[in-house]
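Everything below concerns the one structure shown next.
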């Protein structure tokens, strides 16, 4: 072994203990509060997608960070944990970014907003797919 | 002591070791092996037993995979002619003249690839050799989690059973290729194999993936936490480095494949729409809402399966490095650059998957990006090849069968690597995509690469695994036959590929330009070669089984090699090391000046007059 | 197997500071179990990346018109731009009259009328033009129903809180999110208790975690039942009135992501139950609590994933 004195688990536990309970309950209040804020925010701003998106993602990120930092003890762990998690997060971002050009960027639709697909279906098939379509039936 | 991470002292200083030192010495008990047969050899937690279990199941499945390949070759050389013996057994329909049903050809290449990749090469390289060598080479008594290790082997079994059972379900085994692209793999009515077989295929591959995932978590933890005193990261043999980085690749890439397989399974059984285009339908089936992207599956699939290509070559590279250095009686040329090159290949390997999709209608901007990153992989790969050559250069080469197979690996990897650069370039790939050129390339890397490395590794570590030597003469005959007929089987595929011969086609003669005697003649030549190649493997099998029982007894260190496994008896006892060894130097100290022998075990200190190690290259 | 110590104490990997400085670090000890569980969580990150990443790009690529308030998801809307929808808010006193009016439209399937009535107060009957819609609306009104006529509205993705396209019950799930957060707190308190050697408290908190986790799962099962079988939804959500995985890409993503998360919660509850039983039998102490810590890490991760899923699937 090296000459390093390393904390035994019980010593670490003692250290935990001093700051243990109070922050956990505080974190709990924070999480509950943030969930409430999310709920109100989402209900109030449901018609403004970009504002909704930015705000909610920020709130979710804060909540996730609180869980990871306090409950998952990232606060107490060494840097090695990041060696495992950060590559995964990096690859996660790479994967999603690489999917965007092929899947998220749809070719511009020349015929306007409402048109989804090219083939024009017959009325018969339309009626088969949409049973209650009051099309050519007597109203 | 075994549990200490980075337990070496400061560089150059001999690490201390002894009872009573350090907090974890209590755990260094030597446990006796279980007495009861079932726990000793079947549900064993011993990494060596599990390794041999992986090895045997992999070899058995390789027989099946090989037979499927020969059936593919038969059909290409003599389309629709009944295969001797097999035809009567498999599809005994005299009215059709015992000919192979057309969809059966699709099953053949699909299952050949799936079995060889998921049930032979990956389990043998990582499951068998990774399991056997990692603890022995880093000086540990076992894996970090022996029971998890056992679970990872037994997770293969549902996979084995499902993939075999899929041949007998209605519609037969999967037919959508090992890539399992939708919509062919999703619409049950698109082809008989997609009726049921595809679902079994998906589940089988998922189980195989879970096995690899649990295995890789175990390997990484073991390498990080259980190294013997003095075994610094840059004192680990290349084999361990290869296995370690492979495990990292699997840990980060496999879950994405699992998610894709889960989504495809749900598309098939729960009617979800992930990989179905809007309103997609064929053959008057009811239209589905769709809205998903078939190309999404390709992305997710290759995000794993390109790294999986490296999963099948990096352990091989590591093992070959050890074999080459041992039989050149010379230090591995550029040990640290070799490690960094493996890391570079693995890192870049995550960013190149799109080169499998150049012809998929992918965004051209992405195509250029993926082309660039793919080209860059040639750099670390070339570093490795030149370092292998540098290792052999000026060495006192010993042409054992292990060495011959390792040299075969290097030379075939060069051909496979160079043909890879062709298809990395998008303009060239437009021409050769989905032709036999690709088939040639992948077989040069997978057969010429991985398989030769497996042969080399089996010959090299057989004495350690079973305590007996393999027959050298048989080994050499096997090598020369395999080397010759591997090339005659796969090299002409480059030519017919450039000529435009598509892959995955049962009868090329439907195209006029493939009807000529040239193409057909080459196909027949390749098939005859493949049959001899297959027959040559009987020699290997005989040698393996014969040596298992009647081979010459091997000593502890028959190859006079340096790494820790050779300090144990052959085969190693249940606890591996009577006393956890202390490591003093990197593993490639051959022909060190001032040492009587031409090798220096890692457990022996370097003599002072040998001088310091090169800080960059060693 | 005892060969593999789980409570070995050693310097952290990759942290030169500990090795060189003799000062005790504030970092927790590194054990093989912890390395393995964090690795496992990294693989879980990649697994959920596969699912959530697919959801993100599929959703971002979903064109306007994929969802509408009148027609089932991914109906080709060409030629239907002028549609109006007759929304049946209430059927009034005489159900049979309404059925009669609706039956006079739907001559193909006998249960179409029931489907629309079951979806009240959001039973939607699409009509191709304003005249037809008004005619149907007045027929229904004279039969005693409360109806509205709505123009066609299209969406790229079902909008939260819009009953015509999105069936998800946000209030219920917000409460359920709170429930899962509570279970995370009890989990961490269980660990904290055993670290101070308080076995009884630890067992109680573990029990609380198992119970609260089960409540979360039960609510999710209840929610699934409502969506898939009990409730009837208007045509903008599903062609057949039930929100099932096959009815739209939105449904596929919703059920796959929340379902696989649910499976993880189930696995967590099972693992915690084993830990709870071990704790009841006194398996843990202030120096031996690795199982609680590792299971806890997994449990918090599952909670963390839910925080993200609740936001991006329900609220956005």
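Protein chains in written order, with my numbering: chain A, 5 to 143; chain B, 43 to 660; chain C, 1009 to 1324.
Virtual Cβ for every residue (Gly too), placed ideally from N, Cα, C.
Computed from a predicted model, the values in this text were never measured in an experiment.
Practice task
Please confirm whether residue 73(B) and residue 177(B) have their CB atoms less than 7 angstroms apart.
Solution key: Pairing residue 73(B) with residue 177(B) gives a Cβ-Cβ distance that is not under 7 angstroms.
Practice task
State the Cα-Cα distance for the pair residue 314(B) and residue 196(B), rounded to the nearest angstrom.
Solution key: So the alpha carbons of these two residues sit roughly 31 angstroms apart.
Practice task
Locate the beta strand (DSSP E) running through residue 648(B), then write down its first and last residues.
Solution key: Segment: none, residue 648(B) is in no beta strand (DSSP E) and carries neither H nor E.
Handout entry: Contact under 7 angstroms by Cβ, residue 70(A) with residue 42(A)
Key = Their beta carbons are not under 7 angstroms apart, which means residue 70(A) does not touch residue 42(A) by this criterion.
Exercise for the section: Compute the Euclidean distance between the alpha carbons of residue 238(B) and residue 556(B), then round it to the nearest angstrom. Expected result: Distance from the CA of residue 238(B) to the CA of residue 556(B), rounded to the nearest whole angstrom, comes to 34 angstroms.
Handout entry: 7 angstroms Cβ cutoff, residue 356(B) in contact with chain A
Key = No, its Cβ sits nowhere closer than 7 angstroms to a Cβ of chain A.
Handout entry: Assigned secondary structure, residue 602(B) (DSSP; H/G/I helix, E/B strand, else coil)
Key = Note: residue 602(B) maps to coil in three-state DSSP.
Exercise for the section: Out of 244(B), 213(B) and 363(B), point me to the one whose CA is closest to residue 160(B)'s CA. Expected result: Nearest of 244(B), 213(B) and 363(B) to residue 160(B), Cα basis: 244(B).
Handout entry: Per-residue DSSP class, three states only, for residue 1096(C)
Key = Residue 1096(C): strand per DSSP, three-state reduction.
Problem - Chain-ordered neighbours of residue 1159(C) on chain A, where CB pairs are closer than 8 angstroms - result: Within chain A, no residue comes near residue 1159(C); the closest Cβ sits about 12 angstroms away, beyond 8 angstroms.
Practice task
Give, in chain order, every residue of the region 69 to 96 of chain A whose Cβ lies closer than 8 angstroms to some Cβ of chain C.
Solution key: Contact annotation: in the region 69 to 96 of chain A, residues whose CB is within less than 8 angstroms of a CB in chain C are 71, 72, 74, 75, 76, 77, 80, 81, 82, 83, 84, 85, 87, 88, 89, 91, 92, 93, 95 and 96.
Problem - Under 8 angstroms (Cβ pairs) to chain C, residues found in the region 328 to 339 of chain B - result: Residues of the region 328 to 339 of chain B with a C-beta atom less than 8 angstroms from some C-beta of chain C are 330, 331, 332, 333, 334, 335 and 338, listed in chain order.
Problem - chain B contacts from the region 1266 to 1280 of chain C (Cβ-Cβ distance under 9 angstroms) - result: For the region 1266 to 1280 of chain C, which is checked against every Cβ of chain B, the residues closer than 9 angstroms are 1267 and 1268.
Exercise for the section: Count the other C-beta atoms from every protein chain shown that fall within 10 angstroms of the C-beta of residue 306(B), then say buried if there are 16 or more, exposed otherwise. Expected result: With 16 or more other Cβ atoms within 10 Å, it is buried.
Exercise for the section: Kindly identify the DSSP beta-bridge partner or partners of residue 96(B). Expected result: In DSSP, residue 96(B) forms no bridge with anything.
Practice task
Find the residues of chain A that neighbour residue 1168(C), judging by a C-beta separation of less than 8 angstroms, and give them in chain order.
Solution key: Residues of chain A with a Cβ closer than 8 angstroms to the Cβ of residue 1168(C) are, in chain order, 46 and 50.
Handout entry: Rounded straight-line distance, which links the Cα of residue 353(B) to that of residue 614(B)
Key = Within the model, the alpha-carbon separation for residue 614(B) versus residue 353(B) is close to 27 angstroms.
Exercise for the section: Under the assumption that residue 1044(C) contacts residue 286(B) (Cβ atoms under 8 angstroms), give the Cβ distance between them as a whole number of angstroms. Expected result: Not quite, the Cβ-Cβ distance comes to about 14 angstroms (not below 8 angstroms), so this is no contact.
Practice task
Determine the closest residue to residue 639(B) out of 599(B), 626(B), 656(B) and 607(B), with distance taken between C-alpha atoms.
Solution key: Per the Cα distances, 599(B).
Practice task
Grab me the residues of residue 248(B)'s own chain with a C-beta within less than 7 angstroms of its C-beta, minus the 5 sequence neighbours each way, in chain order.
Solution key: Sequence-distant Cβ neighbours of residue 248(B) in its own chain, meaning closer than 7 angstroms and more than five residues away, are 300 and 303.
Exercise for the section: Could you check what DSSP says for residue 1135(C) in three-state terms: helix, strand or coil? Expected result: Looking at residue 1135(C) - three-state DSSP - the assignment turns out to be strand.
Exercise for the section: Indicate the three-state DSSP secondary structure (helix, strand or coil) for residue 78(B) in the structure shown. Expected result: Coil at residue 78(B), not helix or strand.
Practice task
Give a yes or no on whether the C-beta atoms belonging to residue 295(B) and residue 349(B) are separated by under 7 angstroms.
Solution key: Yes, Cβ-Cβ distance for residue 295(B) and residue 349(B) is below 7 angstroms.
Practice task
Kindly list, in the order they appear in chain A, the residues whose Cβ is closer than 7 angstroms to that of residue 294(B).
Solution key: From the beta-carbon of residue 294(B), the residues of chain A found nearer than 7 angstroms are 91, 92 and 95.
Practice task
Quickly, what does DSSP pair residue 17(B) with across the bridge? List them, please.
Solution key: As shown, chain B starts at 43 and ends at 660. That puts residue 17(B) outside it, with no answer to give.
Practice task
Run the CB neighbour count on residue 174(B), radius 10 Å, all protein chains shown included, and call it buried at 16 or more, exposed below.
Solution key: Buried.
Problem - residue 317(B) (DSSP reduced to helix, strand or coil) - result: Looking at residue 317(B) - three-state DSSP - the assignment turns out to be coil, as it is neither helix nor strand.
Handout entry: Cβ distance (whole Å) where residue 262(B) is taken to contact residue 290(B) below 8 angstroms
Key = Contact flag correct, Cβ pair sits at about 6 angstroms.
Practice task
For residue 115(B), collect the residues of the same chain with a Cβ closer than 6 angstroms to its Cβ; drop the 5 residues on either side in sequence, then sort them by chain order.
Solution key: Same-chain partners within the cutoff: 569 and 572.
Exercise for the section: Please work out which residues of its chain come closer than 8 angstroms, Cβ to Cβ, to residue 1321(C), disregarding the five sequence neighbours upstream and downstream, and give them in chain order. Expected result: Contacts found: 1063, 1176, 1261, 1262, 1265 and 1266.
Handout entry: Nearest-angstrom Cβ-Cβ length linking residue 92(A) and residue 1053(C), presumed shorter than 8 angstroms
Key = With 8 angstroms as the limit, residue 92(A) and residue 1053(C) qualify as a contact, their Cβ atoms being about 4 angstroms apart.
Handout entry: Contacting positions in the region 248 to 272 of chain B - beta carbon closer than 7 angstroms to chain C
Key = 255, 259, 262, 263, 266 and 267: these are the residues of the region 248 to 272 of chain B whose beta carbon lies less than 7 angstroms from some beta carbon of chain C, given in chain order.
Problem - Three CB pairs or more closer than 8 angstroms across the region 628 to 639 of chain B and the region 539 to 549 of chain B - result: Three or more beta-carbon pairs separated by less than 8 angstroms are not found between the region 628 to 639 of chain B and the region 539 to 549 of chain B, which leaves the two stretches without contact.
Problem - residue 589(B) versus 552(B), 516(B) and 537(B), residue with shortest Cα-Cα distance - result: Per the Cα distances, 516(B).
Handout entry: Residue(s) in a DSSP beta bridge with residue 1159(C)
Key = Residue 1159(C) is bridged to 1092(C).
Practice task
Assuming residue 628(B) and residue 660(B) form a contact by the criterion Cβ under 8 angstroms, report the distance between their Cβ atoms to the nearest whole angstrom.
Solution key: Contact check for residue 628(B) and residue 660(B): beta-carbon distance about 6 angstroms, within the 8 angstroms limit, so the pair qualifies.
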